[in-house]
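Line order of the protein sequences matches chains A and B.
The first sequence begins at 28 in the numbering used here and counts up by one.
The second sequence begins at 5 in the numbering used here and counts up by one.
Every residue, glycine too, gets a C-beta built ideally from N, C-alpha and C.
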Amino acid sequence: MVFHPQLSLQAHDLALARGGRRLAQGLSFTLKGGEALLVTGPNGAGKSTLLRVLAGLLAPASGALSLEGAGVEAPGLAAHYLGHAEALKGALTAQENLEFWSAMLKMGDPGLDPQAALVRVALSHAPDIPVSYLSAGQRRRVGIARLLVAPRPLWLLDEPTTALDAASQARLAALMKEHLALGGLIVAATHGDLGLPARELRLGAAP
Amino acid sequence: MRALAALFARELRLANRAGGGGAMGVVFFLILVTIVPFAIGPDLNLLARIGPAILWIAALLSTLLGLDRLFLSDHEDGSLDLLEMADTPLELVVLVKCLAHWAVTGLPLVLAAPLFGVMLAVEGDALWGVTASLAVGTPALTFIGAIGAALTVSLRRGGLLMAILVLPFTVPALIFGVSAASAASGGTVPFLTPFLILCALSLASMALAPFAAAAALRSGG
Numbered sequence: 028m029v030f031h032p033q034l035s036l037q038a039h040d041l042a043l044a045r046g047g048r049r050l051a052q053g054l055s056f057t058l059k060g061g062e063a064l065l066v067t068g069p070n071g072a073g074k075s076t077l078l079r080v081l082a083g084l085l086a087p088a089s090g091a092l093s094l095e096g097a098g099v100e101a102p103g104l105a106a107h108y109l110g111h112a113e114a115l116k117g118a119l120t121a122q123e124n125l126e127f128w129s130a131m132l133k134m135g136d137p138g139l140d141p142q143a144a145l146v147r148v149a150l151s152h153a154p155d156i157p158v159s160y161l162s163a164g165q166r167r168r169v170g171i172a173r174l175l176v177a178p179r180p181l182w183l184l185d186e187p188t189t190a191l192d193a194a195s196q197a198r199l200a201a202l203m204k205e206h207l208a209l210g211g212l213i214v215a216a217t218h219g220d221l222g223l224p225a226r227e228l229r230l231g232a233a234p
Numbered sequence: 005m006r007a008l009a010a011l012f013a014r015e016l017r018l019a020n021r022a023g024g025g026g027a028m029g030v031v032f033f034l035i036l037v038t039i040v041p042f043a044i045g046p047d048l049n050l051l052a053r054i055g056p057a058i059l060w061i062a063a064l065l066s067t068l069l070g071l072d073r074l075f076l077s078d079h080e081d082g083s084l085d086l087l088e089m090a091d092t093p094l095e096l097v098v099l100v101k102c103l104a105h106w107a108v109t110g111l112p113l114v115l116a117a118p119l120f121g122v123m124l125a126v127e128g129d130a131l132w133g134v135t136a137s138l139a140v141g142t143p144a145l146t147f148i149g150a151i152g153a154a155l156t157v158s159l160r161r162g163g164l165l166m167a168i169l170v171l172p173f174t175v176p177a178l179i180f181g182v183s184a185a186s187a188a189s190g191g192t193v194p195f196l197t198p199f200l201i202l203c204a205l206s207l208a209s210m211a212l213a214p215f216a217a218a219a220a221l222r223s224g225g
């Protein structure tokens with residue numbers, strides 16, 4: 028499966044605000060299929076806010092956003108958002124969580140089945156364990172497996188390597204490269220190095 | 005459709021797992037109904053007269069008890085963000101979540117009402133009247149409560165505020181529910197008059213609440 032060749036995410040003169048406070052303005056970028064954008068900057072610079080705006084969870088203070096080639100009205104409807112919380116239910120098993128999100132977020136293309144996705148994040152032994160018994164890093168990996176069970180062209184990753192060990196970080200980098208090779212887009216907020224060839228968008232210090 | 009079915013199944017599953025609190029409402033209902041005769045005394049005529057009202061108050065309070073978790077747990081673990089990003093309109097997500105919530109908390113109350121009504125010396129026609137009024141009236145409580153739950157979702161201790169916000173709007177359902185139950189055992193008003201108004205309250209809240217709650221959830225960002 029390959030994403031639409033004309034896929035592109037465009038932000039035009041975007042301004043971000045959180046709680047009435049202006050965080051950043053004049054952000055413009057175009058991201059084409061197969062490209063990744065790293066959002067960097069100090070704490071409070073608006074990295075997470077930018078991702079939430081791209082996901083459609085917050086409205087931008089001004090400016091325009093569009094995602095072409097995905098057949099959706101707003102970028103958020105074709106995006107995966109991996110935030111600080113993994114959106115997993117502790118009482119359900121990893122398999123059940125993934126099955127639910129697969130049904131809820133699928134856009135047409137069948138993705139990996141949950142079992143295969145868990146293999147890709149090295150959790151093949153844990154499908155039947157309630158998620159509340161997993162460690163923080165393992166929960167993160169189940170969260171990453173969610174990106175694979177329901178293919179969506181735009182990945183919005185907020186500090187994706189938090190709590191991951193070195194081997195898991197390498198696996199995540201490999202998964203991101205695969206996603207880009209299929210023509211997908213990635214916007215990641217990070218402090219570290221994700222091991223990806225990517226452009227950088229540096230947000231300024233909080234005023 | 006498949007997504008909504010998956011959501012419904014997930015809600016039921018969560019309620020029945022450890023810590024889901026599925027049985028909490030009906031246990032609270034039982035507690036309230038059990039202690040009232042002790043407080044009032046063994047006057048069967050009095051109990052039979054106020055029984056339907058007590059059953060309705062107990063149903064209202066036990067519905068409110070679980071409602072603050074309706075969106076809060078999804079908000080806390082980030083699921084709500086993803087539900088907003090799904091293809092399925094958030095209004096339908098809210099509708100399905102409310103229906104599942106009613107199936108888990110409201111329906112057991114309706115099924116338990118004939119049993120618990122006997123403990124309050126409510127018998128015969130009045131017992132079936134109160135059960136029928138709870139069956140058509142408790143969805144109104146759930147859906148009206150969902151608006152309050154959505155409005156208070158980003159507050160840390162929103163449960164109390166939600167109860168204060170929601171209670172005034174549940175009063176019509178309470179009034180017509182109890183009067184339908186009383187009318188079933190005689191009186192001057194025919195049973196169907198308050199019963200049909202109660203049905204209308206449920207249907208109207210079912211139609212309007214998903215829009216209001218979804219709007220509140222979106223702005224909660």
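So if DSSP puts residue i in a beta bridge, which residue, or which two residues, is it bridged to?
i, result
"F248(A)", "Nothing about residue 248(A) can be read from this structure; chain A reaches only from 28 to 234."
"H107(A)", "W182(A)"
"S209(B)", "For S209(B), which the question treats as bridged, DSSP gives no partner whatsoever."
"A217(B)", "In the DSSP output, where bridge partners are listed per residue, A217(B) has none listed."
"E227(A)", "L65(A)"
"T120(A)", "P157(A)"
"A44(A)", "R49(A)"
"E126(A)", "Note: E126(A) sits in no beta bridge, so no partner."
"E95(A)", "S35(A)"
Give the secondary structure of residue i by DSSP, where H, G and I count as helix, E and B as strand, and everything else as coil.
i, result
"E80(B)", "helix"
"I213(A)", "strand"
"S75(A)", "helix"
"S162(A)", "coil"
"G90(A)", "strand"
"E205(A)", "helix"
"T197(B)", "helix"
"A114(A)", "coil"
"P112(B)", "helix"
"L85(A)", "coil"
"E100(A)", "coil"
"E127(B)", "coil"
"D85(B)", "helix"
"K101(B)", "helix"
"G141(B)", "helix"
"A57(B)", "helix"
"L36(B)", "helix"
"V80(A)", "helix"
Quick check on residue i: buried or exposed, where buried means 16 or more other Cβ atoms within 10 Å of its Cβ?
i, result
"P46(B)", "exposed"
"V122(B)", "exposed"
"V126(B)", "buried"
"S89(A)", "exposed"
"V193(B)", "exposed"
"G60(A)", "buried"
"Q165(A)", "buried"
"P198(B)", "buried"
"D185(A)", "buried"
"T135(B)", "buried"
"A185(B)", "buried"
"Y108(A)", "buried"
"V214(A)", "buried"
"D136(A)", "exposed"
"H79(B)", "buried"
"R14(B)", "buried"
Please list, in chain order, all residues of the same chain as residue i whose beta carbon is under 6 Å from its beta carbon, the five residues on each side excluded.
i, result
"F33(B)", "A62, S66, L113"
"H31(A)", "G96"
"G181(B)", "W60, S137, G141, L202"
"G47(A)", "none"
"I151(B)", "A213, A216, A217"
CB-CB under 7 Å to residue i, same chain, minus the five flanking residues each way: which ones, in chain order?
i, result
"A211(B)", "none"
"V156(A)", "Per the sequence presented here, residue 156(A) reads as Ile, with Val not at that position. T120, A121, listed in sequence order."
"F147(B)", "C102, S209, M210, A213"
"L229(B)", "Not covered by the structure: residue 229(B). The range shown for chain B is 5 to 225."
Which residues in the same chain have their Cβ closer than 8 Å to the Cβ of residue i, if we skip the five residues on either side of it in sequence?
i, result
"S189(B)", "G128, D129, A130, G133"
"A139(B)", "V114"
"L86(B)", "none"
Using a Cβ-based criterion (distance less than 6 Å to any ligand heavy atom), does residue i qualify as near the ligand SAM?
i, result
"F75(B)", "For the structure depicted, the ligand SAM is absent and the ligand set is empty, with no information on it obtainable."
ask   = Can you list, in chain order, the residues of the region 72 to 89 of chain B whose Cβ is nearer than 9 Å to any Cβ on chain A?
value = S77, D78, E80, D81, G82, S83, L84, D85, L86, L87, E88, M89
task = Anything in the region 104 to 119 of chain A with a Cβ closer than 7 Å to a Cβ of chain B? List those residues in chain order, please.
result = L104, A106, Y108, G110, A112, E113, A114, L115, K116, A118, L119
ask   = Going along the chain, which residues of the region 72 to 102 of chain A sit with their C-beta nearer than 7 Å to a C-beta in chain B?
value = A82, G83, L84, L85
message = Counting only Cβ-Cβ distances shorter than 9 Å, please list the residues of the region 160 to 188 of chain B near chain A, keeping chain order.
response = none
Contact residues within the region 8 to 21 of chain B, judged by C-beta distance below 7 Å to chain A = A10, L11, R14, R17, L18, R21
request  = Taking only beta carbons into account, state which residues of the region 126 to 139 of chain A come closer than 9 Å to chain B, listed in chain order.
outcome  = E126, F127, W128, S129, A130, M131, L132, K133, M134
request  = For the region 46 to 70 of chain B, enumerate the residues whose C-beta is nearer than 7 Å to any C-beta of chain A, in chain order.
outcome  = none
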